[in-house]
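Residues in the sequence shown are numbered consecutively from 25, following the numbering used here.
In what follows, a single structure is set out as structure tokens and then discussed.
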Amino acid sequence: MPAPYPFIPIPPGSIDEPFEHNAINMAAAHNVFVQGINAIVHHAPNITPEKVDPFMTFCMAVFESIHHHHSVEEAVFFPEIEAKLGKGAMSGNIDEHHLFVPQLAEFEEYLGRIKKGEEKYDGGVLLERLNGFTDVMLEHLNHEVETLDPARLRAAFTARELKVIGDKVFKAAMSDVDYHIVMPLVMVSLNPATPWFPPIPLPVRWAIRFYFSWKHADAWEFGAVDFRGRPRLPLPASK
Numbered sequence: 025m026p027a028p029y030p031f032i033p034i035p036p037g038s039i040d041e042p043f044e045h046n047a048i049n050m051a052a053a054h055n056v057f058v059q060g061i062n063a064i065v066h067h068a069p070n071i072t073p074e075k076v077d078p079f080m081t082f083c084m085a086v087f088e089s090i091h092h093h094h095s096v097e098e099a100v101f102f103p104e105i106e107a108k109l110g111k112g113a114m115s116g117n118i119d120e121h122h123l124f125v126p127q128l129a130e131f132e133e134y135l136g137r138i139k140k141g142e143e144k145y146d147g148g149v150l151l152e153r154l155n156g157f158t159d160v161m162l163e164h165l166n167h168e169v170e171t172l173d174p175a176r177l178r179a180a181f182t183a184r185e186l187k188v189i190g191d192k193v194f195k196a197a198m199s200d201v202d203y204h205i206v207m208p209l210v211m212v213s214l215n216p217a218t219p220w221f222p223p224i225p226l227p228v229r230w231a232i233r234f235y236f237s238w239k240h241a242d243a244w245e246f247g248a249v250d251f252r253g254r255p256r257l258p259l260p261a262s263k
């Protein structure tokens with residue numbers, strides 16, 4: 025499927041309803057990645073030499089965020105869910121990770137070589153490498169939301185148990201995140217239709233915009249939206 029990739033549909037329900045929260049939140053998180061990838065595809069053919077370094081910072085931030093997301097899922101979230109749903113309940117998601125994570129890692133290494141000046145930037149080559157795994161990855165991002173069906177969670181968990189799991193996942197996700205890289209990337213890759221994501225307080229959003237973003241300020245101009253959530257690029261349709 026050629027980019028721009030469509031947004032992953034936000035499941036029906038309320039982000040504030042405990043059993044509906046996980047699927048809705050997961051879809052919103054995955055749409056950050058959709059926005060990031062679409063922005064890369066949009067800008068890649070037109071990168072001038074002086075923009076290669078900040079563009080590589082942006083690209084690496086997108087895939088660092090995806091890698092971080094999947095690591096937290098496998099280390100914390102899926103084991104917590106399987107503790108009640110049964111061993112293997114989330115194994116399909118992990119199996120799908122294996123279908124594209126090796127190529128994703130190779131792509132990150134490729135970006136790193138360009139960043140270090142070890143390989144010449146070529147927008148066509150970058151897109152060819154990217155297209156080698158994005159269809160499989162985007163298909164997975166849709167499937168993963170479906171595994172968090174509210175009825176499935178309601179049958180096994182209490183609202184309190186899901187809240188405890190959510191707190192553990194959030195703590196793990198934020199414990200080793202690079203606030204100068206991942207958080208600005210998230211803020212310039214949001215879907216304006218889900219302004220409640222990410223679930224961080226307004227003062228933290230301000231800190232990201234006015235402090236943490238400055239270290240790599242020239243990279244964030246490639247984001248699909250600005251730090252106020254205003255679109256810079258046409259928004260993709262939902263699937």
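Even for Gly, the Cβ is constructed at its ideal location relative to N, Cα and C.
Cβ-based neighbour list, residue i, same chain, cut-off 6 Å, excluding 5 preceding and 5 following
i           : result
residue 169 : 47, 50, 51
residue 85  : 205, 209
residue 164 : 120
residue 166 : 32
residue 233 : 251
residue 69  : 147
residue 96  : 196, 197
residue 102 : 114
residue 261 : 30
residue 131 : 153
residue 162 : 29
residue 141 : none
Beta-carbon contacts of residue i that lie in its chain and below 7 Å, excluding the five residues immediately before and after
i           : result
residue 239 : 204
residue 201 : 92, 207
residue 34  : 48, 51, 52, 218
residue 222 : 210
residue 156 : 127
residue 241 : none
residue 37  : 44, 48, 174
Test item: CB-CB of residue i and residue j under 9 Å
i           : j           : result
residue 92  : residue 128 : no
residue 244 : residue 39  : no
residue 71  : residue 55  : no
residue 154 : residue 43  : no
residue 216 : residue 256 : no
residue 211 : residue 184 : no
residue 104 : residue 192 : yes
residue 57  : residue 89  : yes
residue 171 : residue 114 : yes
residue 213 : residue 249 : yes
residue 118 : residue 76  : no
residue 246 : residue 67  : yes
residue 87  : residue 151 : no
residue 73  : residue 145 : yes
residue 45  : residue 190 : yes
Residue-chain proximity (residue i, chain B), Cβ-Cβ < 9 Å
i           : result
residue 243 : Although the question refers to chain B, the structure presented lacks it and comprises just one protein chain.
Boundaries of the alpha helix (DSSP H) in which residue i is found, first to last residue
i           : result
residue 81  : 76–96
residue 53  : 42–67
residue 232 : 226–234
residue 208 : 206–211
residue 105 : 102–109
Same chain, Cβ closer than 8 Å to residue i, neighbours up to 5 away in sequence not counted
i           : result
residue 143 : 134, 137
Check whether the stretch 192–204 touches the stretch 72–81, counting contact only when three or more Cβ pairs, one atom from each stretch, lie closer than 8 Å. As far as the Cβ criterion goes, the stretch 192–204 does not touch the stretch 72–81, which means the pair count is below three.
Please specify which runs of the alpha helix (DSSP H), each continuous and at least 4 residues long, are wholly inside the stretch 113–200, giving them in chain order. 115–139, 147–155, 158–170, 174–178, 183–199
Do three or more CB pairs link the stretch 59–69 to the stretch 27–34 at distances below 8 Å? yes
Counting Cβ pairs closer than 8 Å, one from the stretch 104–118 and one from the stretch 165–182, do we hit at least three? yes
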